[in-house]
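Beneath this line is the structure, given in structure tokens, with notes to follow.
Chains as they are written, first to last, in this note's numbering: chain V, 27 to 173; chain B, 6 to 415.
Set out below in structure tokens:
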């Protein structure tokens, strides 16, 4: 497990956490490089379907970063997001995923060190959890044709 | 006859039959009626209102004898299904009797004699239309689906199970797959446990795929770990969702077949979902929406749904906002929330996540919101019991994750 390098999809909102990530880059803060950032205009733009799709394509963890409560550029977007992500986490848990594979964190534009800490912490968690338990469902059609 | 006239006549007939019923009501019922009267007054909701959503297809004078090119062959098959879809075919009322003028039904396990060997004997493409209902769950389902695909020109995935996996696909949520299901059903359910212990004297017996008996070998089809929708196994031409499909929806399919068989009208493009509207169920639902917030999740029995209010406004979780319309709001107008049997609407890719996204945003934001921790939010969302089973009740096979995963004891 020591050489397991997780694949992490990270959704960042345009106004806070993406700027925070940018700041972390500008300040040359050291952090693991296992994450791929997808920028959205708001954390509320992140449809739980995006997260499920990331998991279905083999992501080991998904991180959703948004503005702090009461700081949303669109007033209440992050409030919607936290409700959806909370419900999504219950759904993922019912599927059998470890709920720690989905992280929701508030990172503001000035908190580049928090971005660094969040990423480092999350990568460590996922390394501890191991690769995604998702098994690609093999359709019998494919099995038949392979024969 | 135009569509409009058809509806007008149907409505007139309905009104007439209602009048006749009132006249025919025996005097003895009148005492009871007075007690019930206020309730039925209030429940005018939508049941008797204008027809909503999808109108039935105008079938005109149906089946005037055999089609010009001779009778077509039709087959109906059930895979992992409950039989409700087969029964729903009878919903087309007296027209079912005239179907025989149009088609030879070469296979319909619930109603006619055709067997697998009869289908084997047919040429490829000799069956014009084949309706397959039910999900694909075992070897036999898969074999028959492939065989019928080979022998048919048009294959229709009929009903929720065939289009999206339906209720049987909830078995995908058992992490251990078939072994766990068989073990539970045969060893742990109280009635079978008792049977195993007394009859088999604790020597637990499980179904095998083949067994030797003095008369020869008996076989059973092998169950699969994952339940599939029909189009995940074979090529499907058209879809007709619903649990079961409503008569209005079926009439549209019948019209496609009749037009094709009698008048040589071109078939709709492959992959068409027949008998649905392009809107969501929410758009069709006659209940009045006030777009209120959900402060408390309620079950339908906990509130009085005998009114014209939107079910979600009353705190009942309804999937109508993501589900394809076409059923005429059959459930919501009688006070039951939509469970999504018509499948995702065209703009939605995954019904479950789309529906819970919408529902989750309906929980109100209070002034204390910025002080609330994620645990507080989790506690609010935990009011929704079993979200996975609820939001994916009919669409598990078509969900992105598709089956339960195992973290391996973590």
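Just so it is clear, CB atoms sit at the ideal spot from N, CA and C, and this is done for glycine as well. None of these values were measured; they are calculated from a predicted model.
Query raised in the report: Under a three-way DSSP split, which group does residue 28 of chain B fall into?
Result: Residue placement at residue 28 of chain B is poorly supported in this model, since its pLDDT is 47, which falls under 50; the coordinates still yield a value, given next. Residue state, collapsed to three classes: helix.
Requested in this report: May I ask which residues mark the beginning and end of the beta strand (DSSP E) holding residue 252 of chain B?
Outcome: Careful: residue 252 of chain B lies outside any beta strand (DSSP E), inside the alpha helix (DSSP H) at 252 to 268.
Requested in this report: Please report how far the alpha carbon of residue 201 of chain B lies from the alpha carbon of residue 194 of chain B, in whole angstroms.
Outcome: 10 Å
Report task. Note down, in chain order, each residue of its chain lying with its Cβ closer than 6 Å to the Cβ of residue 395 of chain B, except the 5 sequence neighbours on either side. Result -> none
Report task. Assign residue 89 of chain B to one of three DSSP states: helix, strand, or coil. Result -> helix
Requested in this report: Note down, in chain order, each residue of its chain lying with its Cβ closer than 7 Å to the Cβ of residue 322 of chain B, except the 5 sequence neighbours on either side.
Outcome: 302, 342, 364, 389, 395
Requested in this report: Look up residue 293 of chain B in the DSSP assignment and give the residues it is bridged to.
Outcome: B:314
Query raised in the report: Buried or exposed: which applies to residue 161 of chain V, given that a residue is buried once 16 or more other Cβ atoms fall within 10 Å of its Cβ?
Result: exposed
Report task. Indicate the three-state DSSP secondary structure (helix, strand or coil) for residue 158 of chain B in the structure shown. Result -> strand
Query raised in the report: For the segment 59 to 88 of chain V, which residues have a CB atom closer than 7 Å to at least one CB atom of chain B, in sequence order?
Result: 73, 74, 75, 78, 79, 81, 82
Query raised in the report: Quick check: the segment 118 to 126 of chain V against the segment 28 to 42 of chain V, are there 3 or more CB pairs under 8 Å?
Result: no
Query raised in the report: Residue range of the alpha helix (DSSP H) that residue 40 of chain V falls in?
Result: Taken as a continuous stretch (DSSP letters only), residue 40 of chain V belongs to no alpha helix (DSSP H), as it is neither H nor E.
Query raised in the report: Comparing alpha-carbon positions, which option in V:124, V:107, V:139 lies nearest residue 51 of chain V?
Result: V:139
Requested in this report: May I have the straight-line CA-CA distance separating residue 159 of chain V from residue 115 of chain V, to the nearest angstrom?
Outcome: 15 Å
Query raised in the report: Closer than 7 Å, CB to CB, is residue 226 of chain B near chain V or not?
Result: no
Query raised in the report: How about residue 3 of chain B and residue 160 of chain B: are their beta carbons less than 7 Å apart?
Result: Missing from the structure shown is residue 3 of chain B; chain B here goes from 6 to 415 and no further.
Query raised in the report: Using a C-beta to C-beta distance shorter than 8 Å, which residues of chain B count as neighbours of residue 157 of chain V?
Result: Those within 8 Å of residue 157 of chain V in chain B number zero; the least Cβ separation is about 10 Å.
Requested in this report: Mind listing the chain V neighbours of residue 406 of chain B? Cutoff is C-beta to C-beta under 8 Å, in chain order.
Outcome: 78, 81, 82, 121, 160
**Report entry** 7 Å Cβ cutoff met for residue 65 of chain V and residue 40 of chain V
**Finding:** yes
Query raised in the report: Along the segment 122 to 146 of chain V, what residues have a CB closer than 7 Å to any CB found in chain A?
Result: Looking for chain A here will not work: the only protein chains present are V and B.
Query - Interface residues of the segment 381 to 403 of chain B facing chain V [CB-CB below 8 Å] - result: 382, 383, 385, 386, 387, 389, 391, 392, 393, 394, 396
Query raised in the report: Buried or exposed: which applies to residue 44 of chain V, given that a residue is buried once 16 or more other Cβ atoms fall within 10 Å of its Cβ?
Result: buried
Report task. Check whether the segment 199 to 216 of chain B touches the segment 115 to 123 of chain B, taking contact to mean three or more Cβ pairs, one atom from each stretch, closer than 8 Å. Result -> no
Query raised in the report: Does at least one heavy atom of the ligand FAD sit under 6 Å from the Cβ of residue 179 of chain B?
Result: Absence of the ligand FAD is noted for the structure shown, with no ligands found whatsoever.
Query - Whole-angstrom C-beta distance between residue 412 of chain B and residue 124 of chain V, which should lie under 8 Å - result: 5 Å
Report task. Tell me whether residue 60 of chain V sits in a helix, a strand or coil according to DSSP, three-state version. Result -> coil
Query raised in the report: Is any beta-carbon of chain V found at less than 7 Å from that of residue 155 of chain B?
Result: no
**Report entry** Beta-carbon spacing of residue 243 of chain B, residue 141 of chain B below 7 Å
**Finding:** no
Query raised in the report: Candidates B:63, B:307, B:177, B:261: which alpha carbon is nearest residue 399 of chain B's?
Result: B:177
Query - Within chain V, partners of residue 368 of chain B - CB distance below 8 Å - result: 109
Query - Which of helix, strand or coil DSSP assigns to residue 150 of chain V - result: helix
Query raised in the report: Do residue 4 of chain B and residue 309 of chain B have their C-beta atoms within less than 7 Å of each other?
Result: Absent from the structure is residue 4 of chain B, since the part of chain B shown begins at 6 and ends at 415.
Query raised in the report: Looking at residue 267 of chain B and residue 72 of chain B, is the spacing between their C-beta atoms short of 7 Å?
Result: yes
Query - Cutoff 6 Å; reference residue 38 of chain V; Cβ partners in own chain excluding five residues on either side - result: 44, 47, 63, 65, 91
Query - Inter-stretch contact (C-beta, 8 Å, three-pair minimum) for the segment 255 to 274 of chain B and the segment 69 to 89 of chain B - result: yes
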